[in-house]
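Here is the structure we will look at, set down as C-alpha cells.
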Amino acid sequence: MPTTPETIEKVIEIFSAYLEKNGHRKTPERFAILNEVYAQKGHFDIESLYVSMKTKKYRVSRATLYNTIDLLQACNLVRKHQFGNNNAQFERSYAYKQHDHLVCTKCNKVIEFCDPRIQNIKSTVGELLDFNILHHSLNLYGICSSCRKREEFEKEAS
C-alpha cells in the first residue's frame, strides 16, 4: 500500500515531536531515513535500506541507520520482526493496518495476510480476561507453494 502525502506529513510531525521531547537533534539524515522507510513497500532489513539509500545518493552511515531505526521504533513509527533465525526485519507501522505473517522456512519469504477472525479472537480474549490488548503479532511458519513445487520437481527429477 503506497504511503500518502498526508501520512508522510503526519509521521514527520510525530518524529519531530519525539526528537524534540527527548532531546535528540533533528538532522536531515534522520528525516531522509524516515522518508525512505515510508517509501518501502513491505518488510526490509537495515542492509537493504542502506543499499537503497546509497543508490539514491544519500550520504548516510549504517550507524546512523541503526540509531534512527531505534528512534523510529521508540516512537512507534517502525515495527521490528524477528522471523525465525533470520536477520531482523522492519516495516512501517503508522497508518498501516494490522496484519499477520506467513513465513517460509525454506526461502524466508514473508507473506502478509489479514483475517478479521483474528481481530474477533483478540477482542473476545481481551474481554474475557479483562485485558486491554494494545497490539499483537502472529507469525505462522511453513513452506510456501514455490518451495513445495520446487521440492516436488526435484523428487520427480531424481
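Residue numbering for the sequence shown follows the working numbering, starting at 1 and increasing by one per position.
A virtual CB, placed ideally from N, CA and C, is assigned to each residue, including glycine.
Ranges of the beta strand (DSSP E) found wholly within the stretch 65 to 144, counting only runs of at least 3: Counting only runs of at least 3 residues, the stretch 65 to 144 fully encloses the following beta strand (DSSP E) elements, listed from N- to C-terminal order: 78 to 81, 89 to 92, 100 to 104, 110 to 113 and 139 to 142.
Nearest-angstrom Cα separation, counted from Thr7 out to Ser52: Between the alpha carbons of Ser52 and Thr7 lies a gap of roughly 21 Å.
Phe131 versus Lys122: straight-line alpha-carbon distance, rounded: Approximately 10 Å, taken between the alpha carbons.
Segment contact, 8 Å Cβ cut-off, at least three pairs: the stretch 72 to 90 with the stretch 36 to 43: Judged by Cβ distances under 8 Å, the stretch 72 to 90 makes contact with the stretch 36 to 43, as three or more pairs qualify.
Separation of His99 from Ile69, as counted between CA atoms: Rounded to whole angstroms, Ile69 to His99 spans 21 Å at the Cα level.
Whole-angstrom distance between Leu134 and Cys107, CA atom to CA atom: C-alpha separation (whole angstroms): 31 Å.
Boundaries of the alpha helix (DSSP H) in which Thr166 is found, first to last residue: The chain is shown only over 1 to 158; residue 166 falls outside these bounds and no answer can be derived.
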